[in-house]
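> First the structure, then my questions, so here it is.
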Amino acid sequence: KSIVLNADSAGLIVVSARVSGERRDPHGIGLFVVPADAPGVTIEPYPTQDGGRAAEVTFAGVAVDGGDVLGDSEGGLPLLVRVAEHGIAALAAEALGSMSALHALTVDYLKTRKQFGVTVGSFQALQHRAVDMLIALEQARSMAIYGAMMVEAGDAAERAAALSAVKVQVNKACRFLGQEAVQLHGGIGMTMEYIGAHHFKRLAMIEYQLGDTPYHLRRVADDGGLIAA
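In structure tokens form, the structure reads like this:
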């Protein structure tokens with residue numbers, strides 16, 4: 051398993067594995083609870099770009115029994131999907147908080163940084179860019195709230211399309227606000243001594259966690275969009 055977040059600090063690892071059927075078959079996927087120190091389990095940890103931790107986890111001849119099965123032995127995919135849906139809603143909320151802080155940092159910087167004898171925030175072009183950041187932030191806020199509402203929706207197809215739409219909008223906002231913040235700060239925006247750079251890195255990671263923009267756009271399109279014709 052690749053890019054297993056925080057695997058080096060886990061005591062138990064939930065592992066998905068195909069136990070029957072063919073590739074792409076939604077049935078036949080089992081979930082197994084495996085101790086991290088079980089014979090045959092190898093964990094190779096490494097730092098991630100946003101300051102977190104991840105690992106490559108290898109399973110070689112690991113033995114499991116019936117007591118290690120989580121739920122239906124061949125019906126693990128719906129559980130994986132639900133966990134991912136809750137994860138998207140949580141990532142949207144985390145991204146919203148990070149983007150809010152980054153926007154506030156950027157506006158404060160524009161108000162205090164001086165060039166040509168005046169604060170750079172007095173330049174109308176930079177004011178417009180700060181407003182564009184605010185618009186993207188508020189759009190992401192609306193979608194994060196929508197995601198929190200839809201994550202418990204009863205209709206699985208409607209829920210999936212909604213959360214994919216949430217991830218698309220939040221992903222776009224993460225990239226836009228992150229890049230704008232760096233550009234408006236100048237060189238300081240990329241220094242690790244400045245908190246803004248840490249927000250930028252985390253937002254860049256969130257954009258690719260649990261599906262990037264093209265993946266979720268395809269899901270929304272395949273499901274016929276959010277509004278029925």
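To convert, take the position in the sequence shown, counting from 1, and add 50; that gives my numbering. Just so you know, even glycine gets a beta-carbon here, dropped at the ideal spot from N, CA and C. These numbers were taken from a predicted model, which means no experiment stands behind them.
(1) What is the residue span of the beta strand (DSSP E) that Ile79 lies within?
(2) If you reduce the DSSP assignment to three classes, tell me which class Gln165 lands in.
(3) Helix, strand or coil: how does DSSP classify Ala279 here?
(4) Of all the alpha helix (DSSP H) runs that stay within the bounds of the segment 164-214, which reach a length of 4 or more residues?
(5) So, are the CB atoms of Lys217 and Ile138 less than 7 Å apart?
(6) Grouping DSSP H, G and I as helix and E and B as strand, with all else coil, what is Ser59?
(7) What do you reckon, are the CB atoms on Gly197 and Leu184 nearer than 7 Å?
(8) Can you give me the Cβ contacts of Ala86 inside the same chain, cut-off strictly under 8 Å, excluding the 5 residues immediately before and after it?
(9) DSSP on Tyr269, reduced to helix/strand/coil?
(10) From the DSSP output, in three-state form, read off Ile53 for me.
(11) Please list, in chain order, all residues of the same chain as Pro97 whose beta carbon is under 7 Å from its beta carbon, the five residues on each side excluded.
(12) Anyone know if the C-beta pair for Val83 and His136 falls short of 7 Å?
(13) Quick one: is Tyr159 buried, meaning 16 or more other Cβ sit within 10 Å of its Cβ, or exposed?
(14) Quick check on Gln219: buried or exposed, where buried means 16 or more other Cβ atoms within 10 Å of its Cβ?
(15) Can you tell me which of Gln177, His153 and Gln233 puts its alpha carbon nearest to the alpha carbon of Arg191?
According to the structure shown:
(1) From DSSP, the beta strand (DSSP E) with Ile79 extends over Ile79 to Pro85.
(2) strand
(3) Residue placement at Ala279 is poorly supported in this model, since its pLDDT is 48, which falls under 50; the coordinates still yield a value, given next. The answer is coil: DSSP assigns Ala279 none of H, G, I, E or B.
(4) 174-200
(5) In terms of Cβ geometry, Lys217 and Ile138 form a close pair [threshold 7 Å].
(6) helix
(7) no
(8) Ala57, Ala60, Gly61, Leu62, Ile63 and Ile93
(9) Position check: residue 269 holds Arg in this sequence, whereas Tyr was assumed. Helix.
(10) coil
(11) Result list for Pro97: Arg103, in chain order.
(12) no
(13) buried
(14) buried
(15) His153 is the residue among Gln177, His153 and Gln233 whose C-alpha sits nearest the C-alpha of Arg191.
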